[in-house]
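The UniProt record's numbering applies: residue 1 is where the sequence shown begins, and numbers increase by one. C-beta: ideal position from N, C-alpha, C; glycine also.
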Amino acid sequence: MSNCHGSHAHGTCKQTGLCPIVTFPEVVNIDEIRDEAPEVKTFYMSFLNKDVEREFRIKSGQFIMCTVFGAGEFAVSLPPSPENDRFHISVRAVGKVTHALHALKPGDKLGVRGPFGNGFPFEEIKGKNIIYVAGGIGLIPLRSSIVHALQHREDFGRIILLYGARSSRDLMYQPDIQLWKQNAGFETFITIDRPEEGWDGEVGYVNQLVDKANVPIDNSVAFVCGPPVMFNSVIGEFLKRGMSEDAIVSTLERQMKCGIGKCQHCAIGRTLVCTDGPVYTYRQIKTLGEQI
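Put into structure tokens, the structure is as follows:
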């Protein structure tokens with residue numbers, strides 16, 4: 001697990017090797033903005049300092065701290081693949097800082113610190129089936145992992161995406177999903193909560209897709225991200241079929257202020273989400289009990 005405490009402005013982290021970590025905001029230019037879903041936009045960016053851009057390395061599941069100058073800083077998941085993918089973030093406007101971000105235009109500047117956190121355990125799951133389960137914007141932190149797995153398709157068995165949203169308008173990354181479907185062995189099952197005109201796909205909740213997809217339990221790992229009601233119902237489906245608690249992986253979100261384990265804002269019991277997480281197994285999450 002990553003526990004870098006910011007002893008360098010940027011450069012390879014001597015503790016983890018997962019960096020380089022940028023501990024002071026580096027300025028990035030907003031190159032392009034795309035509407036993804038209601039109140040959700042994707043911001044494609046490039047570093048002004050090209051030396052930092054060349055050194056900047058991420059791992060699927062990590063996050064950055066993003067500064068909107070004059071408004072504040074917030075933590076955000078990293079949806080790009082670690083390799084061969086444009087640097088970007090996808091953000092829902094939910095508060096003062098994120099609304100300020102949504103008001104920006106191409107050519108405007110942001111500050112970026114990171115990446116922080118431990119990331120998904122790809123080396124440990126080679127040879128396994130991967131089941132991705134997402135609800136709404138829960139696909140944002142999973143996108144990086146999906147693209148990375150497809151770029152290394154030979155390392156894994158079946159790759160299955162179970163994805164649900166309130167409506168078809170709330171489905172994230174729809175052009176990406178169409179591209180992912182072109183990969184051999186990539187299986188996609190998508191549902192929306194209620195019927196709507198023009199929708200001929202599944203209707204219902206994500207946990208109902210587990211049977212529909214005939215999800216494999218043996219030699220499989222499940223990455224689950226979404227609202228608590230979805231998370232609990234899906235986890236229940238996997239557990240009753242015999243999936244190990246260590247084979248279910250998710251990301252936790254908390255009010256992260258520093259990203260390096262100093263401010264303690266993201267403490268849940270004895271864990272700091274910014275350094276010990278944000279990726280945890282279900283067994284680890286269970287030990288945190290009611291504090292979740």
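For residue i, which of helix, strand or coil comes out of DSSP?
i	result
Gly282	In the sequence on display, residue 282 carries Tyr and not Gly. Note: Tyr282 maps to helix in three-state DSSP.
Phe223	strand
His265	coil
Pro149	Before going further, note that residue 149 is Ala rather than Pro in the sequence given. Three-state result, Ala149: helix.
Gly95	coil
Pro141	helix
Ile159	strand
Asp276	helix
Gly135	strand
Ile125	helix
When we look at the beta-carbon of residue i and count the other beta-carbons within 10 Å, is it buried (16 or more) or exposed?
i	result
Gln15	Residue placement at Gln15 is flagged as unreliable, the pLDDT there being 37, under the threshold of 50; the coordinate-derived value follows with that caveat. Label assigned to Gln15: exposed.
Val279	buried
Val76	buried
Asp51	exposed
Lys59	buried
Gly114	buried
Ala222	buried
Phe24	exposed
Ala184	exposed
Gln182	exposed
Gly277	buried
Val234	buried
Val147	buried
Val206	buried
Pro38	exposed
Arg194	exposed
Glu83	exposed
Pro80	buried
When you compare only the Cα positions, how much space is there between residue i and residue j?
i	j	result
Ile89	Gly198	30 Å
Arg241	Ile131	14 Å
Val210	Gln174	21 Å
Gly117	Phe238	26 Å
Glu196	Glu55	47 Å
Thr251	Val224	8 Å
Ser244	Val28	42 Å
Thr67	Lys126	36 Å
His5	Ile21	Low local confidence applies: a pLDDT of 35 at His5 is under 50, so the model's placement there is unreliable, with the coordinate-based value given in what follows. Spanning the two alpha carbons is a distance of roughly 10 Å.
Asn129	Asn214	12 Å
Arg166	Leu139	13 Å
Asp31	Ile217	42 Å
Gly201	Ile260	43 Å
Leu288	Tyr282	10 Å
Val249	Glu73	27 Å
Gln208	Lys105	40 Å
Phe69	His99	13 Å
Ser168	Leu162	14 Å
Gln62	Gly119	5 Å
Gly226	Pro141	10 Å
Gln191	Lys212	Gln is not the amino acid found at residue 191; the sequence shown has Thr there. Each residue's Cα considered, the two are about 11 Å apart.
Ile177	Ala71	33 Å
Ile268	Ile285	10 Å
Gly107	Asn219	47 Å
Glu26	Tyr44	15 Å
According to DSSP, residue i sits in a beta bridge with which residue or residues?
i	result
Thr271	Ile268
Ala165	Ile192
Thr251	Val279
Ile130	Ile159 and Val221
(request) List in chain order: all unbroken alpha helix (DSSP H) runs of 4+ residues lying wholly within the stretch 171-240. (result) Segments of the alpha helix (DSSP H) lying fully in the stretch 171-240: 174-180, 209-212 and 228-240.
(request) Give, in chain order, every unbroken run of the beta strand (DSSP E) that is at least 3 residues long and sits entirely within the UniProt domain "FAD-binding FR-type" (23-122). (result) 40-47, 63-68, 72-77, 88-92 and 109-116
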